[in-house]
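Remarks on the structure that follows.
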Amino acid sequence: MADVSLPCIPRMNTNSCCCFNARTGCLIISVLGIIGSILSVIQNTILILNDDKTENKGALLAISFLINLPSIIIHYLLFRGVTQEKPKLMYPWIYLSFVGLILSVALTIIGSIGFLVAGKSSNGQNPIMLVIGFVIMMIIFIGISYHFFSAVVTHCQHLIFNRNNQSNQIRQRP
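So this is what it looks like as structure tokens:
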């Protein structure tokens with residue numbers, strides 16, 4: 001069997017993504033990512049233009065667009081990779097999501113320690129309850145992110161496997 005693993009990414013086998021097959025889940029993730037990034041630009045534009053105290057509105061609008069542009073491009077590449085069955089177009093989304101998962105875990109640990117070290121909050125709440133709430137929220141976020149990540153990686157591995165099988169069949173023909 002041909003190697004279908006992605007460099008530095010563990011092998012995964014997820015059959016579905018939110019009750020859809022992995023391919024459909026990848027398409028939904030990519031479309032929602034594009035829509036979310038566009039809505040973020042629109043929201044930031046409205047907030048900046050409606051704030052009378054803000055100076056340099058043009059610069060802030062440009063920064064907002066430049067922050068969201070890579071997200072739009074990466075989600076678009078994911079969409080094209082799925083629709084055109086080109087796994088390499090899916091790599092940017094996969095690797096950035098992998099880094100995002102690692103950073104989320106690290107920030108959860110650092111944030112938990114920070115809450116504990118800071119002691120009581122300004123309203124006198126016990127920091128243990130803040131940490132527990134924060135950790136539960138982050139576990140849910142990381143779990144959902146991991147589910148999406150595993151669906152995209154599984155579909156990408158499936159595309160690589162199919163491509164390798166097709167090239168092997170072509171070589172074996174007399």
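UniProt numbering puts the sequence shown at residues 1 to 174. Cβ coordinates follow ideal geometry from the N, Cα and C atoms, glycine included. If you're wondering where the values come from, they're calculated on a predicted model, not measured in any experiment.
- Here VAL82 is near SER30, since their CB atoms are less than 8 Å apart.
- The Cβ atoms of PHE79 and VAL41 lie no closer than 8 Å to each other.
- In the structure shown, ASN165 adopts helical secondary structure according to DSSP, grouped into three states.
- Counting along the chain, the unbroken alpha helix (DSSP H) around ASN44 starts and ends at 22 to 50.
- Along the length of the stretch 51 to 106, whole alpha helix (DSSP H) runs at least 4 residues long occupy 57 to 83, reported in chain order.
- Within the model, the alpha-carbon separation for ILE72 versus GLY33 is close to 7 Å.
- Collapsing the DSSP output to three states places CYS19 in coil.
- By the criterion of a C-beta distance shorter than 8 Å, LEU89 is surrounded in its chain by LEU77, LEU78, ARG80 and GLY81, once the five residues flanking it on both sides are discounted.
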